[in-house]
Amino acid sequence: MRRASLLALSGLCLALPRAAVAAEPPPLPAESEPSLPPADATTSVAPPGGDAPPTLPDSGAPPTDAAPPDVAADPPAVEGATSAEFDTSAGTGADASAATSAEADVVKRDEPGMVRGRREPAINSLRGGVGLYHTNLADVGARHSVRFRLHTDFFRKTGFIYNSSDPDLGADEHARVRGTINLGYSPFKWGELFVAIHSQANRNTRKQPGRQDPPQQFALGDLDFGIKGAHRMVKGGAIGIGGQMGIGLLSGPGRLRADKVNFNIDALFTVDVRYLTKKQFPFRFTTNIGWILDNSAKLYDFAAISDATSREVSRFALGINPSRVRMRYGFDFPIRLGKEKQYGLNPIAELSWDVATQEMTAFKQMGATPSPLPRSSMWATIGLRANVVSGLHLDLAADIGMVSPNFEYGPPVAPWSVILGLGWAIDPNPVIKEVPAPATSLPPPAVQDGRVVGQVLDSAGAPVANAQVRFPGSAGNAILTDEAGNFTSFRFPEGAVTILVELQNKATKEVSAEVKPGEDTPLTITMDVANTPPAGFVDGAFVDDAGAPVAVTLAVTGMGIDEPFQANESGLIRLELPAGEYGAIARAEGFEDKSLRFTVAAGDQAVVVKETLTRSVPPSTPNVVGKGKSLRLKKSIKYDGNSPNEKTLPLLDELAAYLRVHPEYETIEIGVHSDDRGNPKQKTTERADNVRNYLLGKGVSPERIVAVGFGASRPVAVNMTASGRAKNNRTVLRVTKYTKPTAPAAAPAPAADK
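In this note's numbering, each number is its position in the sequence shown, counted from 1, plus 17.
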């Protein structure tokens, strides 16, 4: 069926290098743990190329950059032990970063889902990311891995859609072939991208006369683009959660129609029992639930086909489907075979269930039996996937139809379909092998430095963020405290360390701490003043052209402040602000916005701002007539498709301007009506929504506009003539909430001369 199997990255996170802003520090190695051996000693880890590993820098002086993550020392080599080496011949030319990733995987060699020191090869679903057949796993595969997949499925049956009891008419013979090319890539640890090209061909052989569908129909070149994010947690990967979204560019019977686009979004969940059992029992359960906005019905003019059977065959042949909720339930048994788990078998069982959320034109035939689940399409999939060598996968599966929807909710579900697939997964990370390590004596323990882990508080006990922490005489760089006031120092040798703290208001304090080898020394620094910048005052006065006060709203920005303040009825306002430069916009109903800038100086002397606002000129709206509770347009709203046409936009501009200056029309209804052709309800709903969205874009408040599509339910003329249909295609404004405006207060009479 036509769908955009496209995927969302529900939580795609990029790991960025941290600045010298302290967070939770990594733990220091234990004192009893041996360090890396010196440069002339024999090491048990040999990187590619045979070069000797680098030696550790001299720890006698503290480093001048931010504290790096701890690197655990290799365990000492003893008689009969093994060490890890990188086999780059099995990869595709891994670089230094890939080697680092592979080295980190050495400790995971015996974990589930690991094959020779790296992630087991994975393959994409039929039209999506890493998954089974119709179900997508909450997983993205190994980082930087690439997956290429080809698959085809075919189906053939006599009397599938049309089966007449008349021997002269007989039954139709239906045959369908589909195929997909799928390319996936995992650029991040938790993210995956993919693109798929899908085509299908359908042949219907029949004796029935008067058929309007061609015997052969093709839909070539559907393009699916998807993005998926997933995170595996609990015991290294037992639970996976994720999300996916995507778009699909649909092809009609003849060519790619990029103006018809599908959109889908899904939530993913996977439980891998291998991580939860001691013997790594090979079982996974996966479920997907999501929704697809399907626009495939717009590719074909079904109104031009009067024969119900021809329309039903065309809908099945081209994969025409309504928008729907998609649910997938997958069970698979990923078994690894061979001495190094280099082969894999994966029996798979899936249940797919689609529930239509949109009606289509009914194609019901005489004698058809209603479905027990009218909106549902349901089928089961049983298959076997084999990882025969390296990343090569072969597939054999069958879809078994279970429930077909009623005719107005989707095409029939094929009773069976055979699936054949081939895929190749390429992982550029190097393979890690275990080799015997030479016996050597233990190196002497290295001198371990310590750190200061502290927090800065002000005199009120509140954490101070972005305070500068320096170490005079030891390191020149400053460290900024985080939002909780925490910081972690550089590494220092044993002894006293001087610490200088400076707040944003230039208050400083110097303390000292005693650093112990191999330990984090806790320290709390309480400043003697509150961390508040110096402040000053601003006094504002706002009047109109005649000198009358205006109660403005003053939106102030600057020095970390971005919020509105309200003047009183006399147009006066007084604010206390941190010293610095500010910008502001004065706004009032019926006046043009006024921009101003001012500088606040510390102290009791206030800066005075006096501004005169200019009254705004009411816009010209000659085509909008409002009289009491009545509101109408002198011209009709016209449409191109379901969107207002270019000649109607000036009329809508007038309506938006009128509503902005007439708040008494609190709520209006945009009611759109249609004749009985096509899908009236969908057409009028989309038209009403498009008019409403245009008015909102012109500054009308959302709560004032209600859009209603009435379809063909309220005709004012018969639909049998062109003039009658033209009258039924109309847009009507109706005021649903109106507040009578209050008359302006009379000006006081001038005092009589005495």
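Heads up, the beta-carbon is just placed ideally off N, CA and C, and yes, glycines get one too. All values derive from a computational prediction rather than experimental measurement.
Cβ-based neighbour list, residue i, same chain, cut-off 6 Å, excluding 5 preceding and 5 following
{"i": "Phe211", "result": "Gly146, Gly201 and Gly243"}
{"i": "Gln229", "result": "Ile322, Asp324 and Ser327"}
{"i": "Gln485", "result": "Ala495 and Glu519"}
{"i": "Pro551", "result": "Ala596 and Ala619"}
{"i": "Val95", "result": "With a pLDDT of 40 at Val95, under the threshold of 50, the modelled position of that residue is not reliable, and the figure given next carries that caveat. Result list for Val95: empty, nothing under 6 Å."}
{"i": "Leu368", "result": "Tyr346 and Ala397"}
Proximal residues to residue i (C-beta, below 8 Å), its chain only, five neighbours per side dropped
{"i": "Thr753", "result": "Thr684, Ile685, Glu686 and Val723"}
{"i": "Ala415", "result": "Thr398, Ile399, Gly400, Trp433, Ser434, Val435 and Ile436"}
{"i": "Glu357", "result": "Val132 and Arg133"}
{"i": "Arg731", "result": "His690"}
{"i": "Leu310", "result": "Asn279, Phe280, Asn281 and Ser340"}
Which of helix, strand or coil DSSP assigns to residue i
{"i": "Asn707", "result": "helix"}
{"i": "Gly146", "result": "coil"}
{"i": "Glu425", "result": "helix"}
{"i": "Arg133", "result": "coil"}
{"i": "Phe319", "result": "helix"}
{"i": "Arg341", "result": "strand"}
{"i": "Pro3", "result": "The first residue shown for the chain is 18 and the last is 771, placing residue 3 beyond what the model contains."}
{"i": "Asp170", "result": "strand"}
{"i": "Phe302", "result": "strand"}
{"i": "Arg751", "result": "strand"}
{"i": "Lys664", "result": "coil"}
{"i": "Glu686", "result": "strand"}
{"i": "Gly714", "result": "helix"}
{"i": "Ala58", "result": "Its pLDDT being 39, under 50, Ala58 is placed unreliably in this model, and the coordinates cannot settle the point."}
{"i": "Asp241", "result": "strand"}
{"i": "Val487", "result": "Looking at the sequence shown, residue 487 is not Val but Arg. Three-state result, Arg487: strand."}
{"i": "Asp230", "result": "coil"}
{"i": "Gln622", "result": "coil"}
{"i": "Leu73", "result": "Legend: pLDDT at Leu73 = 39, less than 50; position of this residue unreliable, no value from coordinates given."}
{"i": "Pro758", "result": "coil"}
{"i": "Glu628", "result": "strand"}
{"i": "Arg677", "result": "helix"}
{"i": "Arg35", "result": "The pLDDT assigned to Arg35 is 36, lower than 50, so where the model puts this residue is not dependable; a value taken from the coordinates is nonetheless given after this. Coil at Arg35, not helix or strand."}
{"i": "Leu267", "result": "strand"}
{"i": "Lys277", "result": "strand"}
{"i": "Asp6", "result": "An answer regarding residue 6 cannot be provided, because it is not within the stretch 18 to 771 covered by the chain."}
{"i": "Arg164", "result": "strand"}
In DSSP terms, what residue i is bridged to
{"i": "Val567", "result": "DSSP output for Val567 lists no bridge partner at all."}
{"i": "Phe235", "result": "Ala218"}
{"i": "Glu376", "result": "Per DSSP, none; premise fails for Glu376."}
{"i": "Met250", "result": "Ile256"}
{"i": "Val420", "result": "Met395"}
{"i": "Trp433", "result": "Ile417"}
{"i": "Gln261", "result": "Asp283"}
{"i": "Thr525", "result": "Glu519"}
{"i": "Tyr656", "result": "Pro661"}
{"i": "Phe211", "result": "Gly201 and Gly243"}
{"i": "Tyr346", "result": "Thr304 and Leu368"}
{"i": "Asn141", "result": "Val147"}
{"i": "Leu401", "result": "Pro364 and Leu413"}
{"i": "Ile496", "result": "Val486"}
Own chain, CB closer than 7 Å to residue i, minus 5 neighbours either side, in chain order
{"i": "Ser660", "result": "Asn707"}
{"i": "Glu531", "result": "Ala513 and Thr538"}
{"i": "Ser203", "result": "Val157, Gly158, Ala159, Arg160, His161, Ser162 and Glu209"}
{"i": "Gly741", "result": "Ala734 and Val735"}
{"i": "Ala524", "result": "Met544 and Val546"}
{"i": "Pro429", "result": "Ile178, Phe333 and Ser421"}
{"i": "Lys715", "result": "Asp670 and Ala673"}
Range of the contiguous alpha helix (DSSP H) that encloses residue i
{"i": "Ala739", "result": "Ala739 to Asn745"}
{"i": "Phe333", "result": "Ala325 to Leu335"}
Continuous beta strand (DSSP E) stretch holding residue i: start and end
{"i": "Asp189", "result": "Ala188 to Tyr202"}
{"i": "Asn503", "result": "Asn503 to Thr505"}
{"i": "Ala314", "result": "Taken as a continuous stretch (DSSP letters only), Ala314 belongs to no beta strand (DSSP E), as it is neither H nor E."}
{"i": "Val641", "result": "Val641 to Lys644"}
{"i": "Val469", "result": "Arg468 to Leu474"}
{"i": "Leu648", "result": "Ser647 to Leu650"}
{"i": "Arg353", "result": "Ile352 to Leu354"}
{"i": "Gly728", "result": "Ile722 to Gly728"}
Cβ-heavy atom distance, residue i to the ligand MG, below 7 Å
{"i": "Leu154", "result": "Only the bare structure without any ligand can be found here, which leaves the ligand MG out of the picture."}
* Report the residue ranges of all beta strand (DSSP E) runs contained in full by the stretch 532-616; include only those spanning at least 3 residues, in chain order. => 537-543, 552-560, 570-575, 578-583, 589-595 and 597-604
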